[in-house]
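This is the structure we're talking about:
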């Protein structure tokens with residue numbers, strides 16, 4: 444099935460396949476919330492809660508941006524790894540690399556969204572986190 448879709452949609456499908464892999468494995472909203480909310484709830488006062496949020500946000504953002512930059516710089520190699528059929532077609536390979544550069548910027552933004560969702564859920568605001576996936580699909 445993957446071969447048929449790749450033949451139909453070309454580089455776009457392989458680029459989306461790559462950009463969704465880290466999101467589904469590392470930065471899903473549920474996994475981050477399940478790990479972060481209990482730690483955040485364990486904080487006793489506002490000052491320690493704020494310090495924890497600041498530290499996790501800064502170090503997490505630096506890590507995610509660093510990993511995204513590494514992936515962006517190694518996009519030609521990653522495109523060959525995820526779409527080996529495009530090696531013979533240099534135009535499709537160039538287009539895949541270009542689309543990969545564009546879609547890699549999705550990862551830091553979805554990470555910030557997951558972080559904000561965890562904080563909102565900890566404060567018992569569930570509406571925003573329930574509606575957020577709707578806007579991702581628009």
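Numbering (our numbering), first residue to last: 444 to 581.
Note that the Cβ used here is the ideal one computed from N, Cα and C, for glycine as well.
Take the Cβ of residue 518 as the centre, count every other Cβ of all protein chains shown within 10 Å, and call the residue buried at 16 or more, exposed below. Residue 518 sits at position 75 when you count from the first residue of the chain shown. It is buried - the Cβ of residue 518 has at least 16 other Cβ atoms within 10 Å.
Just how far apart, CA to CA, sit residue 502 and residue 475? Translated into the one-based positions of the chain shown, residue 502 becomes position 59. Translated into the one-based positions of the chain shown, residue 475 becomes position 32. Answer to the nearest angstrom: the Cα atoms are 15 Å apart.
What did DSSP end up calling residue 488 once you bin it into helix, strand or coil? The residue you call residue 488 lines up with position 45 of the chain shown. DSSP places residue 488 in coil when its eight states are reduced to three.
Assuming residue 561 contacts residue 479 under a Cβ cut-off of 8 Å, what Cβ separation, rounded to an integer in Å, is found between them? The residue labelled residue 561 in the question sits at position 118 within the chain shown. The residue labelled residue 479 in the question sits at position 36 within the chain shown. Under the criterion of beta carbons closer than 8 Å, residue 561 and residue 479 qualify as touching, at roughly 4 Å.
In whole angstroms, what separates the C-alpha of residue 525 from that of residue 537? Here residue 525 corresponds to residue number 82 of the chain shown, with the count starting at 1. Here residue 537 corresponds to residue number 94 of the chain shown, with the count starting at 1. Separation of residue 525 and residue 537 (C-alpha to C-alpha, rounded to the nearest whole angstrom) is 13 Å.
Residue 532, DSSP secondary structure in three states: As a working note, residue 532 is residue 89 in the chain shown. Judged by DSSP in its simplified three-state form, residue 532 adopts coil rather than helix or strand.
Can you give the Cα-Cα distance for residue 494 and residue 486, rounded to whole angstroms? As a first step, residue 494 is located in the chain shown; it is residue number 51 there, counting from the start. As a first step, residue 486 is located in the chain shown; it is residue number 43 there, counting from the start. Going by the C-alpha atoms only, they are around 10 Å apart.
Buried or exposed for residue 508, going by 16 or more other Cβ atoms inside 10 Å? Sequence index remark: in the chain shown, residue 508 carries index 65 (1-based). It counts as exposed.
Hey, could you find the ends of the alpha helix (DSSP H) residue 550 is sitting in? Taking the first residue of the chain shown as position 1, residue 550 is located at position 107. Where residue 550 is concerned, the enclosing alpha helix (DSSP H) stretches over 549–565.
Does the beta-carbon of residue 505 have 16 or more other beta-carbons within 10 angstroms, so that it is buried, or is it exposed? Position 62 of the chain shown, counted from the first residue, corresponds to residue 505. It counts as exposed.
Please report how far the alpha carbon of residue 578 lies from the alpha carbon of residue 556, in whole angstroms. In the chain shown, residue 578 corresponds to position 135, counting from 1. In the chain shown, residue 556 corresponds to position 113, counting from 1. In a straight line, the C-alpha of residue 578 is about 12 Å away from that of residue 556.
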